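Residue numbers (our numbering): 1 to 637. Data first, discussion second: the structure below is written as structure tokens.
The structure is reproduced here in structure tokens:
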């Protein structure tokens, strides 16, 4: 940082901002008119923030409560100026909001860029560009602002040519709010035409709830004198209070882009007015793409609360549960007090009722999508399915509804893109099957390749393949679906019920008797490594596998908790061996104690590896394996 004088300094942009600026200038050139939408949207937010703060401090209006957005051009100077009398910014706020990007997921966003302009435009839209979009059309941007409530001497002037640095200085600014002047590039003359700006405003910002005005030249018929009057360009009425039949799809889409700062149209729109003991309106949207901060459960900026069309707040956890944090839009109550605070909302029955009703509206919209637009729901699931699964854990009241919306991969087709519902699974259950079988693993490949599935594949029994981290918690909270219990294939003894033939049962009993001494020797050799050793018929190709006790913790969940630094109990796995495998058939007659010990540990370590676990002693495993291979090769030669 280079200090120019006591009040003016030159600062360098945050590294991420430099990269974003470069993208704005080069990637979004084909959609450059969106700069005006973004500036108007920011000005609207500033006005809403002032309204909210003024509820408890009317002096912030400074005698001017008529909030507006002004837009004007100066063809001679080749500038466009967008001004508002909203809340404005202090010097510190300008540095925080303009000089840096404090968004979680910024690095992931930048790494996701492909170099393909069309694809990158979509990614940039998901990220949200805001103020930086000005550099699409301007080679210099000047921002003058003063925060409401601060004296005129607290004005701030910010300026940059988008080259990685900006200057900032204190100035005297009588009026509150923000004024942004764009010095247009040589090839952007189209935006100096009033009709062009008016068309952009009508297209993108007609729904903004405060007047957007532009100067209009008129002629006095009597004196022929030229007069300049301020003309309101937009409708300046809240879109959500209008009848649905009077709103076009394009108007809904543009309102969504305003509240979500997205480039794409939404996947679905929910517009509903509730009347009765409580009156409120919801206008909500389900996006088409997931934002980059979707996995931040503390980020709930999607839904804004209004009271009688006056903005109150956003970011409140009482408006929408965490598992629906992807929803964007507004809730407008006719009953809440204008001075409602975040603290009051924590224990407000009206808000609880609104939230419960709104959640049901969102779930109903998803159910209709499943029924009428399955391809659209598939898009939704790929983007937001993992988050929706959190609802099984968080929302007991709607657990059954959410369960019907879940989608899974299964052994039926091994498709890594989940598309099978519980209802699909139940409709295909084998005769005599009374359980929904599933396996959890740390990846899709590990799940579908697990040896635990061998008998299920042989008998044609479908198994759900669960490989999302949230799945470990999902199955601990969802124990059944429509009376069919969920059963892990890696826990407890295998019980296929009526799907197991009498011949198979007799074979199990016979082998258990014959191999009892061998099983006991294996348990003695492995000692504290295992809780138990027993024979199994869940394996057809593998010699051994590890399972958890019926009421124990799946090994994948145990590893997940350990990786998160949580302490888990010292549970021991059960080693199950396949009596028909050649290795087991050979070992049951093994008299050499050391050789049996090596084989026992090799079987145990192989079973660990097959489920994606790390070995406690990798070198010991390799040495034992090499020893066995050497002995085998010596015998062959």
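By construction, the Cβ of each residue, glycine as well, lies at the ideal position given by its N, Cα and C atoms. Just so it is clear, the structure is predicted and the values come from calculations on it, not from any experiment.
Supposed close pair residue i, residue j - CB separation, criterion 8 Å
i	j	result
residue 453	residue 411	6 Å
residue 487	residue 436	7 Å
residue 180	residue 150	With a Cβ gap of about 19 Å, residue 180 and residue 150 do not count as contacting.
residue 267	residue 286	5 Å
residue 91	residue 138	Incorrect: roughly 22 Å between the Cβ atoms, too far for contact.
residue 261	residue 56	So it is not a contact: roughly 27 Å between Cβ atoms.
DSSP-derived helix/strand/coil call for residue i
i	result
residue 473	helix
residue 461	coil
residue 331	strand
residue 517	helix
residue 45	helix
residue 166	strand
residue 408	strand
residue 494	coil
residue 353	helix
residue 177	strand
residue 632	helix
residue 481	strand
residue 11	strand
residue 438	strand
residue 152	helix
residue 230	strand
residue 104	A caution first: residue 104 carries a pLDDT of 43, below 50, which makes its placement in the model too unreliable to give a value.
residue 320	coil
residue 183	strand
residue 75	coil
residue 32	coil
residue 453	helix
residue 621	helix
Pairwise C-alpha distance: residue j and residue i
i	j	result
residue 497	residue 306	57 Å
residue 240	residue 195	27 Å
residue 513	residue 534	11 Å
residue 221	residue 227	11 Å
residue 319	residue 545	47 Å
residue 446	residue 54	57 Å
residue 44	residue 449	54 Å
residue 473	residue 51	42 Å
residue 610	residue 381	29 Å
residue 127	residue 427	Because the pLDDT at residue 127 is just 49, under 50, the model does not fix this residue reliably, and the value given afterwards should be weighed accordingly. Straight-line Cα distance between these residues: approximately 41 Å.
residue 274	residue 372	24 Å
residue 158	residue 95	9 Å
residue 604	residue 527	12 Å
residue 155	residue 183	21 Å
residue 253	residue 397	32 Å
residue 8	residue 178	19 Å
residue 538	residue 484	21 Å
residue 524	residue 530	10 Å
residue 209	residue 390	35 Å
residue 329	residue 601	58 Å
residue 295	residue 255	25 Å
residue 87	residue 616	60 Å
residue 346	residue 312	15 Å
residue 189	residue 215	18 Å
residue 587	residue 477	42 Å
residue 425	residue 401	16 Å
residue 582	residue 499	26 Å
First and last residue of the uninterrupted alpha helix (DSSP H) at residue i
i	result
residue 445	444 to 448
residue 139	Counting along the chain, residue 139 falls outside any alpha helix (DSSP H), though it belongs to the beta strand (DSSP E) covering 138 to 146.
residue 194	194 to 205
residue 94	91 to 98
residue 587	582 to 587
Segment limits, beta strand (DSSP E) that includes residue i
i	result
residue 426	Not the beta strand (DSSP E): residue 426 falls in the alpha helix (DSSP H), residues 422 to 427.
residue 603	Not the beta strand (DSSP E): residue 603 falls in the alpha helix (DSSP H), residues 593 to 610.
residue 208	Segment: none, residue 208 is in no beta strand (DSSP E) and carries neither H nor E.
residue 311	310 to 313
residue 487	484 to 488
residue 160	155 to 160
residue 575	574 to 577
residue 530	Looking at the DSSP string, residue 530 is not in any beta strand (DSSP E), and its letter there is neither H nor E.
residue 83	79 to 84
residue 67	No beta strand (DSSP E) contains residue 67, which DSSP labels as neither H nor E.
residue 305	303 to 307
residue 547	544 to 547
Near the ligand MN: residue i beta-carbon under 7 Å from a heavy atom
i	result
residue 174	Ligands are entirely absent from the displayed structure, and the ligand MN is therefore not among its contents.
Inside the region 233 to 299 only - alpha helix (DSSP H) runs reaching at least 4 residues: 249 to 260
Residue ranges of each beta strand (DSSP E) within the region 359 to 409, 3 or longer: none
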